[in-house]
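One structure is given here, and the rest of the page talks about it.
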Amino acid sequence: MIDQLHNLPASPGVYMMKDGHGGILYVGKSKNLKQRVKSYFVSSASHSRKTQRLVNNVKDLEIRVTDTEFEAFMLECRLIHELRPLYNKKMKSPHAYVNVVVKTGKNGGRRLELGRGDEPEGGQPSFGPYTASRHTVGKALTRIQESLRIACAGSDGERGPCLNVSLGLCLGGCMGGEAAGEYDRVMDRLIALMEGRDFSLMDDMRREMEEAASEFDFERAAKCRDGIEALTFLLRQEKVISFAEQNRIILLSEPLNERESKLFLVQRHQILYSEKYDRQATDRTRTALSLMKRLQNRAMEETAAGHELTRDEIDGAQIIHSYLRNGTCRHLVLQEAWLEAGGEHDLRQAIESFLAAEAGERESGPG
Numbered sequence: 001m002i003d004q005l006h007n008l009p010a011s012p013g014v015y016m017m018k019d020g021h022g023g024i025l026y027v028g029k030s031k032n033l034k035q036r037v038k039s040y041f042v043s044s045a046s047h048s049r050k051t052q053r054l055v056n057n058v059k060d061l062e063i064r065v066t067d068t069e070f071e072a073f074m075l076e077c078r079l080i081h082e083l084r085p086l087y088n089k090k091m092k093s094p095h096a097y098v099n100v101v102v103k104t105g106k107n108g109g110r111r112l113e114l115g116r117g118d119e120p121e122g123g124q125p126s127f128g129p130y131t132a133s134r135h136t137v138g139k140a141l142t143r144i145q146e147s148l149r150i151a152c153a154g155s156d157g158e159r160g161p162c163l164n165v166s167l168g169l170c171l172g173g174c175m176g177g178e179a180a181g182e183y184d185r186v187m188d189r190l191i192a193l194m195e196g197r198d199f200s201l202m203d204d205m206r207r208e209m210e211e212a213a214s215e216f217d218f219e220r221a222a223k224c225r226d227g228i229e230a231l232t233f234l235l236r237q238e239k240v241i242s243f244a245e246q247n248r249i250i251l252l253s254e255p256l257n258e259r260e261s262k263l264f265l266v267q268r269h270q271i272l273y274s275e276k277y278d279r280q281a282t283d284r285t286r287t288a289l290s291l292m293k294r295l296q297n298r299a300m301e302e303t304a305a306g307h308e309l310t311r312d313e314i315d316g317a318q319i320i321h322s323y324l325r326n327g328t329c330r331h332l333v334l335q336e337a338w339l340e341a342g343g344e345h346d347l348r349q350a351i352e353s354f355l356a357a358e359a360g361e362r363e364s365g366p367g
């Protein structure tokens, strides 16, 4: 294995750490395999106990080089789901993801609680599943409830002010009457926000934060700020689900060097096809026709768009969604009309225009 460490390439890719029997212990990815893999075997006080145990059991390495970091991310994701390595906990766990569920108690009061991402919710409003850890989502949920004063600590079925009413964290839904009505109104607005129907609650939270700060009530301003940040975090995660459910086919381009880029056709949670593209080549029509042929083949074996995302699909969808947002690649969303019969001319024209813009932008550089 010493020879393997010396001969690692300084390129993007995936590494698989194996035990003495060839079993896969861990799958990881890196933009620079040489730098990343060697870091495991350098004695360091910063290594966690888990990492130390892993390194002690590693007897062999397998490397898979990719052209781009994006491919490394996607390959790592697929291999973890296929191989279920011992030390890749999150992606392989059936309980890795959580939902936020609106639960209705015996007295009719509603509360936000954490649920399992693979668990049916019996018709209750449910948001997610979220790919962040249960602890992270739970912390965000607590901040939201405290900020909106719906962190009721009352026992289900009982009426009377809970402890959080006196702490300013509960509007008094547990007391019934007018306070319960206000509690329900806030809960309705929060559900509408989480469902993407009404964002006015977020605007009101920002105004309240600014007013509290202007009145030097910094504790209240901080509560509002924490609630806004937590809501933004959960809404951003929701966007991944929405993105994948749209089931659009996207042409994505990532630069390899001064001359070449790599083109990808992606959909939902996976790469459909990829090829290298010489930006200085003049025959963009040939590349466009090659991509169109792949799209026609894809249409013949089109997967159903209506089914709910599985846990495995969410990971891939999040990688694609994040890559489209981070600005390192260019992309073109292919319109449905272009992919239908009669839309071939518009599709080819759109792809050729994308390739022409790609060549011009990469050659001239930023600014």
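Its first residue numbered 1, the sequence shown is counted upward by one per residue in full-length UniProt numbering. Glycine included, C-beta positions come from ideal geometry on N, C-alpha and C.
Glu195 by DSSP, collapsed to three states: which one? Taking the first residue of the sequence shown as 1, we reach residue 195 at position 195. DSSP places Glu195 in coil when its eight states are reduced to three.
Cα-Cα separation, Leu83 to Leu33: Locating residue 83 in the sequence shown gives position 83, where the first residue counts as 1. Locating residue 33 in the sequence shown gives position 33, where the first residue counts as 1. Distance between the alpha carbons of Leu83 and Leu33 is about 20 Å.
Express the C-alpha separation of Met187 and Ala305 in angstroms, rounding to a whole number. One-based indexing of the sequence shown puts residue 305 at position 305. One-based indexing of the sequence shown puts residue 187 at position 187. Residue placement at Ala305 cannot be trusted, given a pLDDT of 48 that sits under 50; the coordinates are not used to answer.
Are the CB atoms of Phe73 and Lys29 within a distance shorter than 8 Å? Numbered from 1 along the sequence shown, position 29 holds the residue referred to as residue 29. Numbered from 1 along the sequence shown, position 73 holds the residue referred to as residue 73. For Lys29 and Phe73, yes; Cβs fall inside 8 Å.
What is the rounded straight-line gap between the Cα of Glu313 and the Cα of Glu245? In the sequence shown, residue 313 corresponds to position 313, counting from 1. In the sequence shown, residue 245 corresponds to position 245, counting from 1. Spanning the alpha carbons of Glu313 and Glu245 requires a straight line of approximately 11 Å.
Tell me, please, whether the stretch 274–289 touches the stretch 315–332 by the rule of three or more beta-carbon pairs shorter than 8 Å. Because the criterion of three Cβ pairs below 8 Å is not met, the stretch 274–289 and the stretch 315–332 do not touch.
Excluding the 5 residues flanking Leu163 on each side, which residues of the same chain have their C-beta closer than 7 Å to its C-beta? For the purposes of this step, residue 163 is taken as residue 163 along the sequence shown, with counting starting at 1. Sequence-distant Cβ neighbours of Leu163 in its own chain, meaning closer than 7 Å and more than five residues away, are Ala153.
At what residue ranges does the stretch 113–188 contain a whole run of the beta strand (DSSP E), taking only runs of 3 or more? List check, beta strand (DSSP E) in window: 126–130.
Taking contact to mean 3 or more Cβ pairs, one atom from each stretch, closer than 8 Å, check whether the stretch 140–147 and the stretch 219–231 are in contact. Judged by pairs of C-beta atoms under 8 Å, the stretch 140–147 touches the stretch 219–231, as three or more such pairs exist.
Apart from the five residues just before and just after Trp338, which ones in its own chain have a Cβ nearer than 7 Å to its Cβ? As a first step, residue 338 must be located in the sequence shown, where it is residue number 338. Cβ within range, chain order: Asp346, Leu347 and Ala350.
Three Cβ pairs or more, each shorter than 8 Å: is that satisfied between the stretch 162–182 and the stretch 193–202? The stretch 162–182 makes no contact with the stretch 193–202, as fewer than three CB pairs between them are under 8 Å.
Runs of 3 residues minimum, wholly inside the stretch 309–334: which ones carry the beta strand (DSSP E) assignment? Counting only runs of 3 or more, we get 330–333.
My assumption, with CB atoms under 8 Å, is that residue 372 sits in contact with Val102. Please give the rounded CB distance. Only positions 1 to 367 of the chain appear in the structure, and residue 372 is not among them; the question remains open.
For the beta strand (DSSP E) containing Ser48, name the first residue and the last one. Taking the first residue of the sequence shown as position 1, residue 48 is located at position 48. Careful: Ser48 lies outside any beta strand (DSSP E) and carries neither H nor E.
Inter-residue spacing [alpha-carbon to alpha-carbon] between Ala317 and Met175: One-based indexing of the sequence shown puts residue 317 at position 317. One-based indexing of the sequence shown puts residue 175 at position 175. The alpha-carbon of Ala317 is positioned some 43 Å away from that of Met175.
Let me know if Arg149 comes out buried or exposed under the rule of 16 or more other beta-carbons within 10 Å of its beta-carbon. On the sequence shown, position 149 is the one that residue 149 refers to. Classification for Arg149: buried.
Would you tell me roughly how many angstroms separate the C-alpha atoms of Lys293 and Leu79, rounded to the nearest one? As a working note, residue 293 is residue 293 in the sequence shown. As a working note, residue 79 is residue 79 in the sequence shown. So the two alpha carbons sit approximately 28 Å from each other.
Is it the case that the stretch 53–65 contacts the stretch 8–20, given that we only count it when at least three CB pairs across the two stretches are under 8 Å? Output reads yes: the stretch 53–65 touches the stretch 8–20.
Does the Cβ of Asp315 have 16 or more other Cβ atoms within 10 Å, making it buried, or fewer, making it exposed? As a working note, residue 315 is residue 315 in the sequence shown. It counts as buried.
Can you have a look at Pro9 and say buried or exposed, based on whether 16 or more other CB atoms are within 10 angstroms of its CB? Counted from its first residue, the sequence shown places residue 9 at position 9. Exposed is the label assigned to Pro9, since fewer than 16 other Cβ atoms lie within 10 Å of its Cβ.
Who are the near neighbours of Val27 in its chain, counting only those whose CB is closer than 7 Å to its CB and skipping five residues on each side? Against the sequence shown, residue 27 aligns to sequence position 27. The answer, listed in chain order, is Val14, Met16, Glu76, Leu79, Ile80, Leu83, Pro85 and Asn88.
Could you give the distance in angstroms between the alpha-carbon of Thr66 and the alpha-carbon of Leu252? The count along the sequence shown starts at 1 and reaches residue 66 at position 66. The count along the sequence shown starts at 1 and reaches residue 252 at position 252. Near 16 Å, if we compare the C-alpha coordinates of Leu252 and Thr66.
Which listed residue (Arg325, Glu336, Phe264 and Cys170) has its alpha carbon closest to that of Tyr277: For the purposes of this step, residue 277 is taken as the residue at position 277 of the sequence shown. If we check each option's Cα against that of Tyr277, Phe264 comes out closest.
Consult DSSP for Met1 and reduce its assignment to one of helix, strand or coil. For this step, residue 1 is matched to residue 1 along the sequence shown. In the structure shown, the three-state DSSP call for Met1 is coil.
Complete runs of the alpha helix (DSSP H) confined to the stretch 60–92 [at least 4 residues]: Counting whole runs of 4 or more residues, the stretch 60–92 contains the alpha helix (DSSP H) stretches 69–83 and 89–92.
Which residues in the same chain as Thr51 place their Cβ atom closer than 8 Å to its Cβ, once the five residues preceding and following it in sequence are excluded? For the purposes of this step, residue 51 is identified with residue 51 of the sequence shown, where counting begins at 1. In the same chain as Thr51, and ignoring 5 residues on each side of it, the C-beta atoms closer than 8 Å to its own belong to Tyr40, in chain order.
Can Ile249 and Leu324 be called in contact, C-beta distance under 8 Å? Locating residue 249 in the sequence shown gives position 249, where the first residue counts as 1. Locating residue 324 in the sequence shown gives position 324, where the first residue counts as 1. At least 8 Å separates the beta-carbon of Ile249 from that of Leu324.
Buried or exposed for Ser48, please, with buried defined as at least 16 other CB atoms from any protein chain shown within 10 angstroms of its CB. Taking the sequence shown and counting its residues from 1, the one referred to as residue 48 is at position 48. Exposed, since its Cβ has fewer than 16 Cβ neighbours within 10 Å.
Roughly how many angstroms separate the alpha carbons of Ile228 and Arg53, rounded to a whole number? Sequence index remark: in the sequence shown, residue 228 carries index 228 (1-based). Sequence index remark: in the sequence shown, residue 53 carries index 53 (1-based). The straight-line gap from Cα to Cα measures roughly 39 Å.
Name the residue from Met209, Thr68, His321 and Glu358 whose alpha carbon lies nearest to the alpha carbon of Ala281. Within the sequence shown, residue 281 is the residue found at index 281, counting from 1. It is Glu358 whose Cα lies nearest to the Cα of Ala281.
Can you tell me whether Ser253 is helix, strand or coil according to DSSP? Numbered from its first residue, the sequence shown carries residue 253 at position 253. The three-state reading of DSSP puts Ser253 in strand, counting E and B together.
Hey, out of Arg236, Gly105, Glu275 and Glu260, whose CA is closest to Phe127's CA? Translated into positions along the sequence shown, residue 127 becomes position 127. Distance check between Phe127 and each of Arg236, Gly105, Glu275 and Glu260 places Arg236 closest, using alpha-carbon atoms only.
Along the beta strand (DSSP E) that carries Lys34, what are the first and last residues, could you check? For the purposes of this step, residue 34 is taken as residue 34 along the sequence shown, with counting starting at 1. Following the DSSP letters along the chain, one finds Lys34 in no beta strand (DSSP E) but inside the alpha helix (DSSP H) bounded by residues Leu33 to Tyr40.
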